[in-house]
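Residue 1 is where the sequence shown starts when you use the UniProt record's numbering, and the numbers rise one by one after that.
What follows is a set of notes on a single structure, which appears directly below.
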Amino acid sequence: MAAFAGFGQPKARREPVEVAEPKPQDKSLDQLLGVRKQRLDRIERERQEARQSWRAGRAALRAASARWRAAEADTRAYWAQARRDFLSMQTTSGQYQKAKRIYERMKQAAADERVRCLEAVEQCRSRRTLFFAARARVLAAHRQQEKLTIIRDELRRLSQPEE
């Protein structure tokens with residue numbers, strides 16, 4: 001008869017101590033940070049692709065410029081040689097007219113190279129614009145990620161019991 005504690009009195013029952021159960025931590029901010037991290041990775045990948053595209057465009061522009069300059073130089077050199085030959089009486093007027101037609105074709109080819117060079121400039125500019133837009137998106141995403149991290153850390157700090 002362990003239920004009675006002397007002289008027939010019932011044994012005192014102990015009251016359960018009220019202990020505040022810890023609230024389960026809210027994981028929604030952590031989940032949001034995870035989603036944002038994946039988004040940030042995707043945006044950084046897009047920025048890297050835009051950078052590579054811009055670099056490729058600049059390389060194509062340099063190559064087009066070099067071709068244009070070479071075509072211009074070849075045209076000038078050919079015409080200077082044809083004039084020298086004619087003025088030194090080494091060629092006939094028929095040969096000179098033929099050289100003049102060749103020179104005109106070379107001039108047109110150089111002009112075509114210049115047009116291709118200008119097209120490469122436009123492509124390069126558009127790729128540059130895409131890169132800097134992607135860069136701005138990455139910077140904004142980094143700022144947002146940092147803000148969310150600060151908010152999460154502050155909420156955790158506030159939810160911890162002070163001792």
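Idealized CB from N, CA, C, for every residue including glycine.
### Message
Please report the distance separating the alpha-carbon of arginine 84 from that of leucine 61.
### Response
Position 84 of the sequence shown, counted from the first residue, corresponds to residue 84. Position 61 of the sequence shown, counted from the first residue, corresponds to residue 61. Between arginine 84 and leucine 61, the C-alpha separation is close to 34 Å.
### Message
Suppose contacts are defined by Cβ-Cβ distances below 7 Å. Is phenylalanine 131 in contact with tryptophan 54 by that definition?
### Response
Here the question's residue 131 lines up with position 131 in the sequence shown. Here the question's residue 54 lines up with position 54 in the sequence shown. Yes; because the gap between Cβ atoms is below 7 Å, this pair is in contact.
### Distance between alanine 71 and alanine 109 (C-alpha atoms, nearest Å)
Residue mapping note: residue 109 aligns to position 109 of the sequence shown, counting from 1. Residue mapping note: residue 71 aligns to position 71 of the sequence shown, counting from 1. Between alanine 109 and alanine 71, the C-alpha separation is close to 7 Å.
### Nearest-angstrom Cα separation, counted from alanine 120 out to glutamate 113
One-based indexing of the sequence shown puts residue 113 at position 113. One-based indexing of the sequence shown puts residue 120 at position 120. So the two alpha carbons sit approximately 10 Å from each other.
#### Entry: Integer-rounded CB distance, given that cysteine 124 should sit under 8 Å from arginine 58
The residue labelled residue 58 in the question sits at position 58 within the sequence shown. The residue labelled residue 124 in the question sits at position 124 within the sequence shown. Yes, arginine 58 and cysteine 124 are in contact; Cβ-Cβ is about 6 Å, under 8 Å.
### Among Gln31, Gln48, Ala64 and Lys27, nearest to residue 168 - alpha-carbon criterion
For residue 168 there is no data in the structure shown, the boundaries of the chain being 1 and 163.
### Query
Do threonine 75 and lysine 107 have their C-beta atoms closer together than 7 Å?
Taking the first residue of the sequence shown as position 1, residue 75 is located at position 75. Taking the first residue of the sequence shown as position 1, residue 107 is located at position 107. Their beta carbons are under 7 Å apart, which means threonine 75 touches lysine 107 by this criterion.
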